[in-house]
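Asks: What follows is a structure written as structure tokens; I'll ask about it next.
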Amino acid sequence: MTTANAPAADALQLSKGLLEIMTVVKRETAELGVFQRAWVARTFQQRAGLTVDDWLRTAEDLSTELAAFHSTGASNKERLQSRLPWLKTSLNRLADNFHKNCEDAKGWIKDPEALQIALEELEHREKTARALSRALDRFLD
């Protein structure tokens with residue numbers, strides 16, 4: 013891989029990480045009771061700007077586009093560049109959602125060990141979304 017492709021590789025790796033995160037978020041949401049699931053889904057959409065399913069599709073599409081560019085050098089870069097402002101804003105909203113979830117967890121989870129595990133996972137999710145936003149900026153600049 014050349015240095016010029018490094019930003020594309022970083023963005024691809026982070027987009028795959030986001031896809032894994034959103035797959036887990038979807039599973040976690042599905043495992044909740046009916047009322048909790050409705051509240052979590054509504055709150056997620058309000059904070060993150062998209063539904064969990066829409067975020068999952070966005071992550072899948074982004075990973076696919078970045079993988080195509082990375083493996084073939086296919087010139088879909090312009091399409092990605094046209095979506096960059098929306099992607100950056102949306103990824104930052106998603107990261108803000110995970111940050112707010114950290115604050116929420118401190119009030120909901122009383123077991124210190126379970127709280128620590130939850131906070132580490134939520135911080136990982138937040139950092140991944142923010143890092144992907146920055147990586148897309150470098151790649152598409």
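For the sequence shown, the tail end lands on 153 under this note's numbering, and the numbers increase by one without skipping. For each residue, glycine too, the CB sits at the ideal point set by N, CA and C. Small disclaimer: the values here were computed from a predicted structure and weren't measured.
For N88, does the three-state DSSP call read helix, strand or coil?
Replies: Indexing the sequence shown from 1 puts residue 88 at position 76. Coil at N88, not helix or strand.
Asks: One question on the structure: do L134 and F110 come within less than 7 Å of each other, judged by their Cβ atoms?
Replies: Here residue 134 is taken as the residue at index 122 of the sequence shown, counted from 1. Here residue 110 is taken as the residue at index 98 of the sequence shown, counted from 1. Contact: yes.
Asks: Report the rounded CA-to-CA distance for T14 versus D66, giving the unit in angstroms.
Replies: The residue labelled residue 14 in the question sits at position 2 within the sequence shown. The residue labelled residue 66 in the question sits at position 54 within the sequence shown. Only weak support is given to the placement of T14: the predicted model assigns it a pLDDT of 43, under 50, and the value that follows is read from those uncertain coordinates. Rounded to the nearest angstrom, the two C-alpha atoms are 33 Å apart.
Asks: Please report the Cβ distance between A143 and F81, rounded to the nearest whole angstrom; I am assuming they are in contact, meaning their Cβ atoms lie under 8 Å.
Replies: Numbered from its first residue, the sequence shown carries residue 143 at position 131. Numbered from its first residue, the sequence shown carries residue 81 at position 69. 18 Å between Cβ atoms; not a contact.
Asks: Would N17 count as contacting chain E if we go by Cβ distances under 7 Å?
Replies: Looking at the structure shown, chain E is missing, and only one protein chain is on hand.
Asks: Hey, L148 and A23 are a contact pair by Cβ (cut 8 Å); roughly how many whole angstroms apart?
Replies: As a first step, residue 148 is located in the sequence shown; it is residue number 136 there, counting from the start. As a first step, residue 23 is located in the sequence shown; it is residue number 11 there, counting from the start. 5 Å between Cβ atoms; contact.
Asks: Terminal residues of the continuous alpha helix (DSSP H) containing G61?
Replies: Working through the sequence shown from its first residue, we reach residue 61 at position 49. Run containing G61: none; DSSP gives neither H nor E here.
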